[in-house]
Every structure is written in C-alpha cells, then in structure tokens.
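Visitor: Below you will find the structure I want to go over with you.
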Amino acid sequence: MNLLEAKNLKVVFWPKRSMFAWAKEQLRAVDDVSFAVEAGETLGLVGESGCGKTTLGRAVIRLIPCDGGNIVFDGEDITNVTGKQLREQRRKFQMIFQDPFNSLNPRMNVGQIIGEAIDAHGLSDNADGRWEKIESLLKAVGLEPAYARRYPREFSGGQRQRIGIARALAVEPKLIVCDEPVSAVDVSIQAQIVTLLQDLQAERGLAYLLISHDLAVVEHMSRRILVMYLGKVVESGDSNTIVSSPQHPYTQALVSAVPTIEPGTKRKRMVLGGDAPSPINPPSGCPFHPRCPLAETRCKSDAPALREIAPGHFVSCHLA
Amino acid sequence: MKLRETESADGLKPLLEVNELKVGFERDGKSICVVDGVSFCVKRGETFCLVGESGCGKTVTALSIAKLLATPPAQWLGGQILLNGQDTLQMQERELRQVRGSVISYIFQEPGASLNPAFSVGSQVKDALKLHRPDDATDSEIVRLLTAVGIAAPELRMRDCPGELSGGMQQRVMIAIALASNPKLLVADEPTTALDVTIQAQILELLQEIKRRLGTTILLITHNLAIVSEIADHVAVMYAGQIVESAPAMELLRRPLHPYTKALIAAMPRLGHVTEKLIPIRGVVPSPNAVPSGCRFHPRCTLAQPDCSQTAPELKEVEPGHWVRCPYWQRSAPSEK
Amino acid sequence: MIRREYMAWLIGVVVAAILIVGSAGVVPPPPNTQQASLSPSAAHVLGTAPDGRDMLLLCVTAMIRAAGESLWATTLTVVIGLAIGMIAATFAGRPADKVQGVIAKLLDCAGPFLLAACLASVAPRINSWKLAVFLALVAWPNVSTVVRSEALAISRMAYVEAARAVGVKPLRLALNHVLPAMLDRLAPLCFGLFGGFVALYGALGFIGVGVTEQGLGFMLFDAQSFIRSVPWYWMSCFGAFLSLLLFSAGMIWMFKKLHAQFVSADLERNRL
C-alpha cells in the first residue's frame, strides 16, 4: 500500500513584475507530477535549481497550496484540507530543512523547540513525561540530553541538523520530507547525518522523500529516484538503473557531470551547453530541447509524455 | 622546509612558494592561530588543489598570498610567501597593488556577491582592464574576454547587470575579470560550490581550457575531493590549520596515506558504489582556539595510539613526492582500497 | 510563562503607565500675585511668571506633563499599529490587507487634515488625553507598515516554516515566533514617535488648540517676549531636558542590545 500518492500535481506562481502590471505568465513550478512513496522506503527527488523539487516537497506536505491534482496520504485525501484538520494530519508527515542556521528559532532553546512540536499535538500529559520524551529524542539523534537547555547558536551546523531531525521525530511521523538535509554541512558531517537518517529509518520504519541536487547522496539513500527538470519528471526508476544506464539525455548529462573519485580514469564527460533554464519562460515542446545534444525537430514542438520503457522505469523523451 | 623540488624540469623556480606560513586572528586580546606552519609549492602551469573542510584555514591561506586580510584582526605571525620570487608578506600596500591583478587574480565562491549589482558586466570588466592594461580597455577586448570564458552573444551580455545573469554566467564574468589583467596565478576559492552540478562541470572545463590555452597556474581551494580528482595535478589536504598530506593528485587518491584523507574518502558517497556503506568520521572539526594536543586529528582518528595526544607529528616525505603528517600511516585502515 | 523578550516590554509598559498616570497628577503651583514677575534669585532660580508662579516649577511641570501625554499617545499608536499590522500580515494580499494599505497611504498624505478636522469638531472641549486618541488614529500607519513588512519577512524564515510544518497554531506562531523577532525593530520606532509627539503637542499648544494651560505649547506662547529677549541657551534647556530624557531611555535600550550582541557574538566565536 502506498503511504503517499501524488497525482497530477500542479503548483503555479504568479511573479509580480511591477506594481501596475499584472503578470500574464504563470511560473509553473510543478507541472503535472505524479509519484508514490511506500511505507518505509526512500524516494529520491533529484534536479538542479529551478526544477521544482523543493516546491514539490513543500506542496506534498501542504506547506504551500496546490493548484491542481491531488495528494492522498495513508488513504486520506489531504489536497484541500485546511485549518484544524490539516494540523491534525501534520502529525503524520514532517520535514527537515536545508539551512541548519535558520531552521531553528534563535530565541528558543532546544528543549522549547522540540517541546513545541510535542505540545502542538498534545502528545504529553505531564511535565515529566514531556521532558523525558525530549531527552530520549535528543539521545536518539546522537546528542546529549543536557543540550536541551542550550540555544541553537551554541551548536555546529551538523548538530543543528540533528536537532531539526529530533523535532521532526517528536510527533512520530510516518514520512519525513528531507529538503537538502546535507547540502549545508561538511563532507564528514554529511556522512554522519546520512547514517543517522538510515539508522532511524531502519528502527522506526520511516519513509523519506529525499530532495537533493547531490546525485551521489540520493543514490546512496534511495531505492527509487525521480529526475526533475523545469517542473516535470523526465525520468524515474530504480536508483541503480538510473545511475548505471540513464535513458533521458538530461539524466545522462547529470550522471556524467557528477565528479567522482576515479583516479587514473578520465571519463568521457557529456558537458551540457547553455544555461540553467528559467522556469518563467519555459521552452516549447520538450523543456530540455535547447540544451539537448540529441534534439530533433519534433522535440521543439511536441512535449514528450512519460512512458514506461521497462518495468518501473519511466522516461519522457521521444528518443528513448 | 621545502615540500617539493624547487626547480622544475626546465629550470624555472616555482611560481608560488609558501614557507611555514602562520596566520592568527586577534580576539579579545588573545591571538588564535588559524594557519599554523603551512608550506607548499605551486609549479608554473599546474593546477594545485588545497582541500579541507570548513574551518581548516584554506581560505585564509589563499587570501594571505596577496595579503588580502584586514590586519586587525588578522596577524601575520610568521613565514614567507614567495610569489614569482618576491616575498609578498614583506611588501607594502603600493607594491601589493601592482602584484594584485597582474601576477595573481582571485575568483570567489559567490559570484553574485563579488560583482557590483549596480553596474553592467561590461563596465566591470572594463574597470579591471583600465587598472592593469589601460591601452586595451576597449569594447572589442571586453568582447574577446567574454567570448574566451564561453559567454554567448557577448556584445549583448556586456550591457546586462549581474542580477540578470544566472549563477554560471556570473562566475564566467568573474573569471573574465580575473583574466583581464593576464595574471600568472589564478586563485579560485570554491568557485563551483554555489553552482548546479552541470554548470559546475562547465566551469571546471573552462578552467582546464584556460590552463591549456594561456598556461595560467591555478590554485583551487575546495572541500570536494571529487573535484580534485577531475582537474588537479597536485593536492594538499589541510586539517585544523596544518597540511596533513601532500602528493600528486592521482597518487593521493589512489593511495591516501593519512587517516584523515582516508576517512574523508570513506565518508563520501560515490556514484555507482551504493553497496559500500558510508563510514562517518566521529566528532567535529576542532575550533582554532581549542586545538587538541599532539596530533590535531587524534580525537577523531580510528588509528590513534597513546602517544598521538602527546607529540605533534611532523610532515615527512614517506614516499617520493608524497608527504604525510602521521607516524602510523602504514597501519592499514578499514577504508584502504 | 512569559517569554523573555516580552518581559522587557512588559516592564517598559508598566513604567510608562506609572509615568502617564503620575504625570497626569502633577499640578503646577498655584498663582501668587504678590510675587509676580520677579527676577531670578535664590528662592526662584528662574524668576517668576507674570501671575506669580515660580518659573522653574512651571517649566518642570510642563515638561513632565508633555512627556506623559506623549507617552500616552505613543502607547495608543503602537497598540493600534501593531494590531492592524499583524492582521494585515495575516491576510496579506487579500482584500482586507489591500483596504488597510489604501487607508494607510491616505493617512500618510491627508493625516494632518483629518487631525485638524477632529480637533475642530470637538474644540474647545478637548484635553490632551483625548487628543492622544486622535493622534493615534492618524499616526498608526507609521507602526503598521513596519509591523506588516517585518511580520511577512519573518514568516518566510525557515524556523517559522518549520514551526508551521510541525503543526503549531497560527496564534502561537505569531506570539512565539513572529512577534519576538520584530520587537527589536519596534523599539527605535517608539522613541521616534515619542519625540514626534512631544513636538506635535508643543506645536498644537502653541497655536492654542486644546491642550491644558501650563502645557508646553501654552507656556511657549506666553513666553514669547521672554524667549525673544533672553540668550539662546535658556531656551535650549527645555529642548535639552527632553532630549536627555529620550536619549537616556534610548541608551538603556542600546546597552541592552549591545550586551546581548556581545554575548551571542562571543558564543559564536567560541563555537567558530
């Protein structure tokens, strides 16, 4: 049974140009995206800036409204739920944020930050039980219980990420959306956080929606990967298949652009020309065609549909 | 202490020689040493990488070469930096201004922050030209520079303001400005960290091309060992203000000898090697005012011996061209390939 | 449990309330025609007024009352502006917010006219405490625009988004996360408003519009010939006193801010 199912999701922004002009063009941040996450598994969302993965992550847990499609979580349709009902649903899914320095309120100490999550859902009846819960959460993420009295500024980036993870775990969610959880920390801390997330997943049966631009981290943690470009899914499938034999030209370029430690071998690299596209003026037809080395005439006019070319492997390219 | 042959095959001295550089910062009356006895050599025409995590002192080292640090709070505690034979640490401001730009140029991590948002890109390139090559400060030269860094339609782009350009384009403009003065040494401090991975690939290609065409020497500062693998000729790994390992790039990546280098490689997820579990390094990078006694890495080292906390190891050449700051480098570690 | 940031403001509000009530009770000395228009002497340091009151006492009384009245006007303005600003930020972009924005802009342009109209409609039965209400009704946009933009900016911070994701109720979000972060920006605004209101009260009293007699403006009006004849530094004393009042209050607030900054910077450095 799918824990989270998103069908034909659309998120649209209307960037204001000036005080007097209405923006005629909409920014299609997420354009007709569908996917599913099973309980206990990790789905990776990969793409570069402007691809819409961050917007998708926030839309799926209703931090921003959707303009189309629907979201079903644990059998319940949460697309249009608001107010108190939505807050109750929030117990089931949580988020950890990219920036460890801004995602914790500097005016609250660690205990208050985690305690707020507990209080928001009334998960503890007495002060002692609440305190015990906070301490056990800190221990679960590898921090000393005594840290509960300290303020975020006294911690390093990696430790702050752990506090953010503890906060997300406080409500006992089934799914956690990880928005670039390791982009802002050093390599040695990255490994700590990745290992922590994997251990927590094994212990608690958590599902993750992992959003990252770092393909190596995504491949390491996810069972399946979705590759996004300009708001659309261009390829999706098993992480092994995507990395070892990508079918979409963008995925191929992405895989070949990731620098790897392979001493002695100079890989044949596929370097993409052109710039990262602006989502405000997307190209006609296939959104990737201006930068695609294999583009044909029909790519300019016809947008390719997402087709299943092998069991579980979907690609949106005329030439795949 | 000289880390490498001070004369390359064709008898030329190295372009940059850093000897026992010590840089400190003054805080509340105390002096905190951020770069502690760093020495390395960069040969002409090569790409030298200084690798380390945040707080290891690599950026401070790079900025010290052209004395770009504000002297309070920074303090030059010792050492010498020979850039093209001249000691920049002894130079006065006027001499340094001559050196900056004509001998050494910098590009930084956030191109958006380094470019003035109020002026057009072309005018900023022109300013750079006017400073060092006033006779060549013409529009055609600007177009030539912008083309050389791979900017399409440069005649149109030069009238744009930096805010209208993407991150990759901004970085290319930065490189154009840096190259405008024909420097011998280009110092790139994390030039691709803020960019998408496909754009990063383009910028790294561009740097390689510049090296090939113009013979510019490149000093690249990064935290990403994988980038090192792609473009470096020689690598030095820094930790807590010191160099812990230095070797030709292929050699270091094929056979890392220092426990920190090995641990870094084991902690990086590698594309296509998903079955290998990531081995995190426990603990955190020490802050410069609370540096561990003896070997600075010993609290986090899986190979630590009792005397690692007592004696600070020296950087020794354990194999030809391969320097390591660890007396126990020969003990095998779990991450050995 | 009151948050730490609110404690400082709570204390400030209590002190202001004491000052306001206290200043209302300050009464100038009674007239004494036997001592009319005396020159400065040991008993009357600044001499006496034409109606026999001690000049120094008159001045001090006027200043205290001016401070109290302006404090009252400031409090009202801040309360109204804060409420409207927060509501506007909550409904940003929607009709209520747009309407509020239009009214605020109108008041910016036409505020003085509206004030004059209010005063004309109730004169001469006006007193300074009621005048404060009019002033607040005209001056609230100064506070609400700042509050609104700060609230919107703070709401975009990652920790507010994180609290929303956790399921914190909107009111709690406002009180625990948004409001504390903007209090620092409000403090200098309050001092600025206070100074402005003192000047405004003085001006209105000078032109004879309904403030109590022996108010600052009235006194300045009565003392015109005196003002024109004495050396400049006499008049400066009044301004100096009020400036000192404002300045010292501002200094206390600044020292607190600087201390907090040093403490947090120190911690940042040690963590490095």
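Residue numbers (my numbering), protein chains in the order written: chain A, 6 to 325; chain B, 96 to 432; chain C, 85 to 356. Note that CB positions come from ideal geometry on N, CA and C, so glycine has one too. Owing to the predicted nature of the structure, the values given are computational and were not obtained by experimental measurement.
#1: Going by CA-CA distance only, name the one from A:P254, A:L214 and A:T302 that's closest to A:K58.
#2: Output yes if chain A places a C-beta closer than 9 Å to the C-beta of B:P429; else output no.
#3: For a contact meaning CB atoms closer than 9 Å, what does A:N110 contact in chain C?
#4: Indicate whether at least one CB of chain A lies closer than 9 Å to the CB of C:V250.
#5: State whether the region 109–127 of chain A contacts the region 174–183 of chain A, with contact taken as three or more CB pairs (one from each stretch) at a distance under 8 Å.
#6: Give me whichever residues DSSP pairs with B:E412 in a beta bridge.
#7: List, in chain order, every chain B residue whose beta-carbon is nearer than 9 Å to that of A:V192.
#8: Please confirm whether B:D291 has its beta-carbon closer than 9 Å to some beta-carbon of chain F.
#9: Terminal residues of the continuous beta strand (DSSP E) containing B:R377?
#10: Chain C partners of A:H126, CB-CB under 9 Å?
#11: Say whether the region 204–212 of chain B touches the region 245–252 of chain B, bearing in mind that this needs 3 or more beta-carbon pairs closer than 8 Å, one atom from each stretch.
#12: Given this structure, state the Cα-to-Cα distance separating B:S103 from B:P408, to the nearest angstrom.
#13: Closest by CA to B:Y334, which one among B:V118, B:G147, B:S341 and B:G262?
#14: Cβ closer than 9 Å: which chain A residues qualify as neighbours of C:E89?
#15: What does a CB cutoff of less than 7 Å around A:P251 pick up in its chain, not counting 5 residues either side in sequence?
#16: Could you confirm whether any beta carbon from chain A is found closer than 9 Å to the beta carbon of B:L302?
#17: Whose Cβ in chain A lies nearer than 9 Å to the Cβ of B:E188?
#18: Output, in chain order, the set of chain B residues within a Cβ distance shorter than 7 Å of A:T200.
#19: Note down, in chain order, all residues in the region 67–99 of chain A with a beta-carbon under 7 Å from any beta-carbon belonging to chain C.
#20: Return the bridge partner residues of A:K15 from the DSSP annotation.
#21: Go ahead and pull the three-state DSSP assignment for B:K432.
#22: Who are the Cβ neighbours of A:P287 in its own chain at under 6 Å, not counting the five residues just before and after it?
#23: Any beta-carbon of chain A closer than 9 Å to the one on C:R256?
#24: Should C:A157 and C:A220 be called a contact, given that it needs their Cβ atoms to be closer than 9 Å?
#25: Is it right to say C:K341 is buried, meaning 16 or more other beta carbons lie within 10 angstroms of its own, or is it exposed?
#26: What do you get for C:I291, buried or exposed, if any count of 16 or more other CB atoms within 10 angstroms of its CB means buried?
#27: Grab me the residues of A:S306's own chain with a C-beta within less than 8 Å of its C-beta, minus the 5 sequence neighbours each way, in chain order.
#28: Evaluate A:I314 with the Cβ neighbour count: other Cβ atoms within 10 Å of its Cβ, from every protein chain shown; 16 or more gives buried, anything less gives exposed.
#29: CB-CB under 8 Å to B:Q265, same chain, minus the five flanking residues each way: which ones, in chain order?
#30: Identify which residue in A:G163, A:L8, A:L231 and A:V232 has its Cα closest to the Cα of A:V199.
#31: So A:P264 and B:E325 are supposed to be a Cβ contact under 8 Å. How far apart are they, rounded?
#32: Closer than 9 Å, Cβ to any Cβ of chain B: which residues of the region 248–265 of chain A, in chain order?
#33: Excluding the 5 residues preceding and the 5 following A:Q203 in the sequence, name in chain order all residues of the same chain whose CB lies nearer than 7 Å to its CB.
#34: For my contact list, A:S217 and A:E185 are in at a C-beta cut-off of 8 Å; report their separation, rounded to the angstrom.
#35: If we count the other Cβ atoms within 10 Å of its Cβ and call it buried at 16 or more, is A:P309 buried or exposed?
#36: So what's A:N245 in DSSP terms, helix, strand or just coil?
Guide: Working from what's here:
#1: What you label residue 58 of chain A is simply residue 53 of the first sequence in a count that begins at 1. The candidate whose alpha carbon is nearest that of A:K58 is A:L214.
#2: Walking along the second sequence from the start, residue 429 of chain B turns up at place 334. Any reading at B:P429 must be qualified, since the residue scores a pLDDT of 47, below 50, and its modelled position is unreliable; the value itself is stated next. Judged by the 9 Å Cβ criterion, B:P429 is not in contact with chain A.
#3: Walking along the first sequence from the start, residue 110 of chain A turns up at place 105. Per Cβ cutoff of 9 Å: M241, Y243, V244, A246, A247, N260, H261, P264 and A265.
#4: Taking the third sequence and counting its residues from 1, one reaches residue 250 of chain C at position 166. Chain A, which has a Cβ nearer than 9 Å to the Cβ of C:V250, makes this yes.
#5: yes
#6: Reading the second sequence from its first residue, position 317 is the one you call residue 412 of chain B. B:E412 pairs with B:W418.
#7: Indexing the first sequence from 1 puts residue 192 of chain A at position 187. Near A:V192 (Cβ distances below 9 Å), the residues of chain B are E148, H318, N319, L320, L359, A362, M363 and I376.
#8: Among the chains of the structure shown, chain F does not appear; the protein chains present are A, B and C.
#9: Position 282 of the second sequence holds residue 377 of chain B. Unbroken run through B:R377: none, as it is neither H nor E.
#10: Position 121 of the first sequence, counting from 1, holds the residue named residue 126 of chain A. Here the neighbours are V250 and G251.
#11: no
#12: Translated into the one-based positions of the second sequence, residue 103 of chain B becomes position 8. Translated into the one-based positions of the second sequence, residue 408 of chain B becomes position 313. Low local confidence applies: a pLDDT of 48 at B:S103 is under 50, so the model's placement there is unreliable, and no value is given.
#13: The count along the second sequence starts at 1 and reaches residue 334 of chain B at position 239. Nearest C-alpha to B:Y334: B:G147.
#14: Your numbering for residue 89 of chain C matches position 5 in the third sequence. Neighbours of C:E89 on chain A, chain order: R112.
#15: Position 246 of the first sequence, counted from the first residue, corresponds to residue 251 of chain A. Here the set comprises E240, Q257 and V260.
#16: Counted from its first residue, the second sequence places residue 302 of chain B at position 207. No, B:L302 does not count as interfacial toward chain A.
#17: Reading the second sequence from its first residue, position 93 is the one you call residue 188 of chain B. Neighbours of B:E188 on chain A: none; closest Cβ ~35 Å, over 9 Å.
#18: Taking the first sequence and counting its residues from 1, the one referred to as residue 200 of chain A is at position 195. Result: L373 and P375.
#19: L68, R92, R95, R96 and Q99
#20: Reading the first sequence from its first residue, position 10 is the one you call residue 15 of chain A. Answer by DSSP bridge pairing, in chain order: A:D36 and A:G73.
#21: Taking the second sequence and counting its residues from 1, one reaches residue 432 of chain B at position 337. For B:K432, the predicted model reports a pLDDT of 43, less than 50, meaning its position is unreliable and no value from the coordinates is stated.
#22: What you label residue 287 of chain A is simply residue 282 of the first sequence in a count that begins at 1. These residues qualify, in order along the chain: L235.
#23: By one-based count along the third sequence, residue 256 of chain C stands at place 172. Chain A contact via Cβ: present.
#24: Counting from one through the third sequence, the residue named residue 157 of chain C turns up at place 73. Counting from one through the third sequence, the residue named residue 220 of chain C turns up at place 136. Contact: yes.
#25: The count along the third sequence starts at 1 and reaches residue 341 of chain C at position 257. Burial call: exposed.
#26: For the purposes of this step, residue 291 of chain C is taken as the residue at position 207 of the third sequence. With fewer than 16 Cβ atoms within 10 Å of its Cβ, C:I291 is classed as exposed.
#27: Walking along the first sequence from the start, residue 306 of chain A turns up at place 301. Hits under 8 Å: S289 and G290.
#28: As a first step, residue 314 of chain A must be located in the first sequence, where it is residue number 309. Per the 10 Å Cβ criterion, exposed.
#29: Along the second sequence, one-based indexing puts residue 265 of chain B at 170. Around B:Q265: P206, G207, L210 and P257.
#30: As a first step, residue 199 of chain A is located in the first sequence; it is residue number 194 there, counting from the start. The residue with the shortest Cα to Cα distance from A:V199 is A:G163.
#31: Within the first sequence, the letter at position 259 stands for residue 264 of chain A. Within the second sequence, the letter at position 230 stands for residue 325 of chain B. The pair is a contact, with the Cβ atoms about 5 Å apart (cut-off 8 Å).
#32: V248, S249, Y255, A258, L259, V260, S261, A262, V263, P264 and T265
#33: Within the first sequence, the letter at position 198 stands for residue 203 of chain A. Within the same chain, A:Q203 has close Cβ partners M226.
#34: On the first sequence, position 212 is the one that residue 217 of chain A refers to. On the first sequence, position 180 is the one that residue 185 of chain A refers to. Their Cβ separation, rounded to whole angstroms, is 5 Å, which keeps A:S217 and A:E185 in contact under 8 Å.
#35: Residue 309 of chain A sits at position 304 when you count from the first residue of the first sequence. Burial call: buried.
#36: Position 240 of the first sequence, counted from the start, is the residue given in the question as residue 245 of chain A. Helix, per DSSP.
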